[in-house]
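Undergrad: Below is one structure. I have some questions about it.
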Amino acid sequence: GDSVTQMEGPVTLSEEAFLTINCTYTATGYPSLFWYVQYPGEGLQLLLKATKADDKGSNKGFEATYRKETTSFHLEKGSVQVSDSAVYFCALIAGGGSNYKLTFGKGTLLTVNP
Amino acid sequence: EAGVVQSPRYKIIEKKQPVAFWCNPISGHNTLYWYLQNLGQGPELLIRYENEEAVDDSQLPKDRFSAERLKGVDSTLKIQPAELGDSAVYLCASSSGLAGAGETQYFGPGTRLLVL
Numbered sequence: 001g002d003s004v005t006q007m008e009g010p011v012t013l014s015e016e017a018f019l020t021i022n023c024t025y026t027a028t029g030y031p032s033l034f035w036y037v038q039y040p041g042e043g044l045q046l047l048l049k050a051t052k053a054d055d056k057g058s059n060k061g062f063e064a065t066y067r068k069e070t071t072s073f074h075l076e077k078g079s080v081q082v083s084d085s086a087v088y089f090c091a092l093i094a095g096g097g098s099n100y101k102l103t104f105g106k107g108t109l110l111t112v113n114p
Numbered sequence: 115e116a117g118v119v120q121s122p123r124y125k126i127i128e129k130k131q132p133v134a135f136w137c138n139p140i141s142g143h144n145t146l147y148w149y150l151q152n153l154g155q156g157p158e159l160l161i162r163y164e165n166e167e168a169v170d171d172s173q174l175p176k177d178r179f180s181a182e183r184l185k186g187v188d189s190t191l192k193i194q195p196a197e198l199g200d201s202a203v204y205l206c207a208s209s210s211g212l213a214g215a216g217e218t219q220y221f222g223p224g225t226r227l228l229v230l
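Quick note, the sequences are listed as chains A and B, same order.
Position one of the first sequence corresponds to residue 1 (our numbering), numbered consecutively onward.
Position one of the second sequence corresponds to residue 115 (our numbering), numbered consecutively onward.
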């Protein structure tokens, strides 16, 4: 079945450090890929998405590139801030015209220290 | 624009008691989802509605869980009777239903349930 495997946390960085959170997937067809973020006490928010191979999603300084050959969608940010502290979830919707089901990874807790 | 609203935010009950969660989706969104999030895990889909029709309830444990979306707007998820293992966060999400598969789903803050 469809699955997402992401880097286990927690990840602790200092402010302005470079961030990478690895994400790989297994899916039927050509999935759409997502990164969601969950700040403390809040709901999940879409951070970025990519719907086809080689697409790059970007938002708030975060980027991720849809790599079909390595079935990966790694999240990166060049310089993290304390306000980026949150749980990050990689997710996919498998290919198929009527498929709406999001399949999530387990989440990665990021803590950024001043 | 108001986001997805859920209530209550927290609920503590004793096992074997019934419990209900309420969700109001973003105005105009035809598609509504209920997800279950266990501690340390990603959310898992329980049920998806398109308007008032449950189009995917394959992951809903129907022996104790039920859901409804009367009039195709608000939705209620019920557990009766609750078990200890039901302690989790219950998330509601909505999407426009117009962009097809892969469209963005917008999540509410969730209801955190603790069963004692």
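Where is the CB? At the ideal position from N, CA and C, for every residue including glycine.
Would you please verify whether the beta carbon of Phe221(B) is less than 8 Å from any beta carbon of chain A?
TA: By this cut-off, Phe221(B) is an interface position.
Undergrad: Would a C-beta distance cut-off of 8 Å place Thr70(A) and Met7(A) closer than the cut-off?
TA: Cβ atoms of Thr70(A) and Met7(A): not closer than 8 Å.
Undergrad: What does Leu159(B) touch in chain A if you count any residue whose Cβ is under 9 Å from its own?
TA: The contacting residues are Tyr100, Lys101, Leu102 and Thr103.
Undergrad: By how many angstroms is the C-alpha of Gly78(A) removed from the C-alpha of Asn152(B)?
TA: Cα-Cα distance, rounded: 31 Å.
Undergrad: Contact between the region 24-32 of chain A and the region 133-148 of chain B: three or more CB pairs below 8 Å?
TA: Counting Cβ pairs under 8 Å, fewer than three are found: no touch.
Undergrad: If we define contact as Cβ-Cβ less than 8 Å, is Leu153(B) a contact residue for chain A?
TA: Not an interface residue.
Undergrad: Residues in its own chain within less than 8 Å of Glu63(A) by CB, not counting five upstream and five downstream?
TA: The residues are Leu48, Lys56, Gly57, Leu75, Glu76 and Lys77.
Undergrad: Report back the beta-carbon spacing between Lys106(A) and Gln155(B) to the nearest angstrom; my notes put them in contact at under 8 Å.
TA: The Cβ separation is near 6 Å, so the contact holds.
Undergrad: Between the alpha carbons of Lys101(A) and Leu191(B), how many angstroms are there, rounded?
TA: Each residue's Cα considered, the two are about 18 Å apart.
Undergrad: Where Asn113(A) and Gln131(B) are concerned, what is the direct C-alpha to C-alpha distance, given to the nearest angstrom?
TA: Computed Cα separation, rounded: 43 Å.
Undergrad: Name, please, each residue of chain B whose Cβ falls closer than 7 Å to the Cβ of Thr51(A).
TA: Within chain B, the residues near Thr51(A) are Gly216.
Undergrad: Distance cutoff 8 Å, beta carbons only. Does Arg162(B) sit that close to anything in chain A?
TA: Yes, its Cβ sits closer than 8 Å to a Cβ of chain A.
Undergrad: How would you label Gln81(A), buried or exposed, when you count the other beta carbons within 10 angstroms and need 16 or more for buried?
TA: Under this definition Gln81(A) is an exposed residue.
Undergrad: Spatial neighbours of Lys125(B) within its chain, please: CB distance less than 8 Å, with the 5 preceding and 5 following residues excluded, ordered by chain position.
TA: Val133, Phe135, Thr225, Arg226, Leu227 and Leu228.
Undergrad: Just to confirm my understanding: we take Ala168(B), look at its own chain, exclude 5 residues before and 5 after, and list those with CB closer than 8 Å. What are they?
TA: Cβ within range, chain order: Ile161, Arg162, Ala181 and Arg183.
Undergrad: What do you reckon, are the CB atoms on Val4(A) and Leu92(A) nearer than 8 Å?
TA: Cβ distance < 8 Å, so Val4(A) and Leu92(A) count as in contact.
Undergrad: Based on Cα-Cα distance, which residue from Glu217(B), Ala202(B) and Ala207(B) lies nearest to Asn138(B)?
TA: Minimum Cα distance to Asn138(B) is reached at Ala207(B).
Undergrad: Could you please give me the residues that DSSP links to Tyr100(A) through a beta bridge?
TA: Per DSSP, none; premise fails for Tyr100(A).
Undergrad: Looking only at C-alpha atoms, which of His143(B), Lys129(B) and Arg123(B) sits nearest to Leu212(B)?
TA: Nearest of His143(B), Lys129(B) and Arg123(B) to Leu212(B), Cα basis: His143(B).
Undergrad: Can you check whether the C-beta of Ile93(A) is within less than 8 Å of a C-beta belonging to chain B?
TA: Yes - at least one Cβ of chain B is within 8 Å of the one on Ile93(A).
Undergrad: Within 10 Å of its beta-carbon, does Gly199(B) have 16 or more other beta-carbons around it, so buried, or fewer, so exposed?
TA: Gly199(B) is exposed by the Cβ-count criterion.
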